[in-house]
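**Q**
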Amino acid sequence: MAIDSWLPALLGYLIPIGLFLIAWGGMAPERARRAATLGALSLGLATLGYAAVGFAFHLGGASVLAPEVAGLQGLDASWGIDANWGLIGLKGFFLGGESDTPEALALFVTYLPMCAAAVLLVVLSASERGRGWQVVVGGLVMATVLFPLAACWAWGAGWLSRLGHSMSLGHGYVDHAGSGVVYFLGGMAALGALVGLGGRTPRTPEGHVEEMPPVHFPLLANLGALLFGLGTMGWSLAVPFHVAGAQLNLPRIAANGLLAGGGAVLASQFYCWLTIGHADALMAARGMAAGFVIVAGGAPFMPAWAALIAGVVAGIVLPLGIYLVDRVARLPDQTGAVALG
Numbered sequence: 006m007a008i009d010s011w012l013p014a015l016l017g018y019l020i021p022i023g024l025f026l027i028a029w030g031g032m033a034p035e036r037a038r039r040a041a042t043l044g045a046l047s048l049g050l051a052t053l054g055y056a057a058v059g060f061a062f063h064l065g066g067a068s069v070l071a072p073e074v075a076g077l078q079g080l081d082a083s084w085g086i087d088a089n090w091g092l093i094g095l096k097g098f099f100l101g102g103e104s105d106t107p108e109a110l111a112l113f114v115t116y117l118p119m120c121a122a123a124v125l126l127v128v129l130s131a132s133e134r135g136r137g138w139q140v141v142v143g144g145l146v147m148a149t150v151l152f153p154l155a156a157c158w159a160w161g162a163g164w165l166s167r168l169g170h171s172m173s174l175g176h177g178y179v180d181h182a183g184s185g186v187v188y189f190l191g192g193m194a195a196l197g198a199l200v201g202l203g204g205r206t207p208r209t210p211e212g213h214v215e216e217m218p219p220v221h222f223p224l225l226a227n228l229g230a231l232l233f234g235l236g237t238m239g240w241s242l243a244v245p246f247h248v249a250g251a252q253l254n255l256p257r258i259a260a261n262g263l264l265a266g267g268g269a270v271l272a273s274q275f276y277c278w279l280t281i282g283h284a285d286a287l288m289a290a291r292g293m294a295a296g297f298v299i300v301a302g303g304a305p306f307m308p309a310w311a312a313l314i315a316g317v318v319a320g321i322v323l324p325l326g327i328y329l330v331d332r333v334a335r336l337p338d339q340t341g342a343v344a345l346g
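And the structure:
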């Protein structure tokens, strides 16, 4: 990793911070305190778990993508049918041996915030109903198994990223900054956790006037959305390893992120005005995050108008998704993690 890419890569650590703040914005104080404790504990264990086994599962075959990088030549083992159908990496456990090089450690530092984001989507959504050990174990499973497998397939020379070679399907599966690998995976895992934990919220009485989810800390939520957007753009502009060597239009990435985030905020507030007659601070923050999420995977390749439309769609779909989760499925997801994913 070149030294000039470290700053935008480190900005990626604003992504989990932003998710934390957005989630806290919709939590009652007692719930927020518990979520903070479980979230911090889960992130600590997730860091250790990703370093111990997750990194190897994710990037144990990284030399396939960059055989010219001397520091990655030791990461040359993956399990699968052949080189184009890799399923899981097998080198780099505990960041020792072949992964104890500046280049390999740079990869660990770069991808850790994305792992942390996927972990938080599960942990924060499950923190209300789950027991402490259940929530923490769920986060650890995400960091050591689920995220590394998905990231290997899409970002670590796995079978999805190689579909262009194996089946002549264009460039294969392309997800620049984690729309699917991080957020869809985290959202679906959060949905599975909520269903598995059981319990439903009470049915809404007939004649009840619908309102948006309560906002307890609007400033934190909107600050979190801004930090999340800044982190997403920073990480994207770092040109992460899985797109190294590609000729990317970096100004397009930044512009598309801003357009999608802005369009999503406007659309989410328009939805609020139509349904409840006024704007909503929490939905604005969640809408902005949804805009950055929906465009993250394709920001380098989309024209500006498409990014704006994608953001508008995300801003409308997000509150609809929250309504379906909260009112129809009656799942206790005060964080909006399922709808965000």
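Take the position in the sequence shown, starting the count at 1, then add 5; the result is the number in our numbering.
Where is the CB? At the ideal position from N, CA and C, for every residue including glycine.
Relative to the C-alpha of G192, which candidate in Y328, W11, L64, V127 has its C-alpha closest?
**A** G192 has its Cα closest to that of V127, out of Y328, W11, L64, V127.
**Q** Once DSSP output is grouped into helix, strand and coil, what is the label at I8?
**A** The pLDDT assigned to I8 is 41, lower than 50, so where the model puts this residue is not dependable, and the model offers no usable value.
**Q** Please give the ranges of any alpha helix (DSSP H) in the segment 167–253, keeping only runs that are unbroken, at least 4 residues long and fully inside the region.
**A** Correct list: 168–171, 190–202, 223–242.
**Q** Can you check DSSP and say which residues form a bridge with I93?
**A** W84
**Q** With DSSP run on the structure shown, which of helix, strand or coil describes L19?
**A** In the structure shown, L19 sits in a helix (DSSP, three-state: H, G or I).
**Q** On the CB-based measure, 16 or more other CB atoms within 10 Å of its CB, does W164 come out buried or exposed?
**A** buried
**Q** What are the start and end residues of the alpha helix (DSSP H) that includes Y55?
**A** Neither: Y55 is in no alpha helix (DSSP H) and is coded neither H nor E.
**Q** Whose C-alpha, out of F113, I22, S184, R38, is nearest the C-alpha of L80?
**A** F113
**Q** Any idea what DSSP makes of M32, helix, strand or coil?
**A** Here M32 sits in coil by DSSP.
**Q** What three-state label does DSSP hand E103 in the structure shown?
**A** helix
**Q** Beta-carbon within less than 6 angstroms of A57's beta-carbon, same chain only, minus the 5 sequence neighbours each way: which residues are those?
**A** F99
**Q** Taking Cβ to Cβ, would you say H63 is nearer than 8 angstroms to C157?
**A** yes
**Q** Looking at C-alpha atoms only, which residue of N89, M293, L77 is the closest neighbour of A109?
**A** Ranked by Cα distance from A109, the first of N89, M293, L77 is L77.
**Q** Since L264 and L313 should fall inside the 8 angstroms C-beta cutoff, what is the C-beta to C-beta distance between them, to a whole number of angstroms?
**A** Between L313 and L264 the Cβ distance is about 5 angstroms, and since that is below 8 angstroms, they are a contact.
**Q** Rounded C-beta distance between L199 and D331? I'm assuming under 8 angstroms.
**A** Their Cβ separation, rounded to whole angstroms, is 11 angstroms, which puts L199 and D331 out of contact at 8 angstroms.
**Q** Please classify G97 as buried or exposed, where buried requires at least 16 other C-beta atoms within 10 Å of its C-beta.
**A** buried
**Q** Report yes if the CB atom of A131 is closer than 8 angstroms to the CB atom of L26, and no otherwise.
**A** It is not a contact, given that the beta carbons lie outside the stated cut-off.
**Q** Within the continuous alpha helix (DSSP H) that includes M307, where are the two ends?
**A** Where M307 is concerned, there is no enclosing alpha helix (DSSP H), because DSSP gives it neither an H nor an E.
**Q** Keeping to the same chain, check which residues put their C-beta closer than 6 angstroms to that of L92; ignore five residues upstream and five downstream.
**A** W84, G85
**Q** Can you tell which of F152, F222, G204 has its C-alpha closest to the C-alpha of R5?
**A** The structure shown has nothing for residue 5, since the chain only spans 6 to 346.
**Q** To the nearest angstrom, report how far apart G17 and I321 are at their CA atoms.
**A** 26 angstroms
**Q** Report the rounded CA-to-CA distance for L49 versus T149, giving the unit in angstroms.
**A** In the sequence as displayed, the identity of residue 49 is Gly instead of Leu. Roughly 13 angstroms between the two C-alpha positions.
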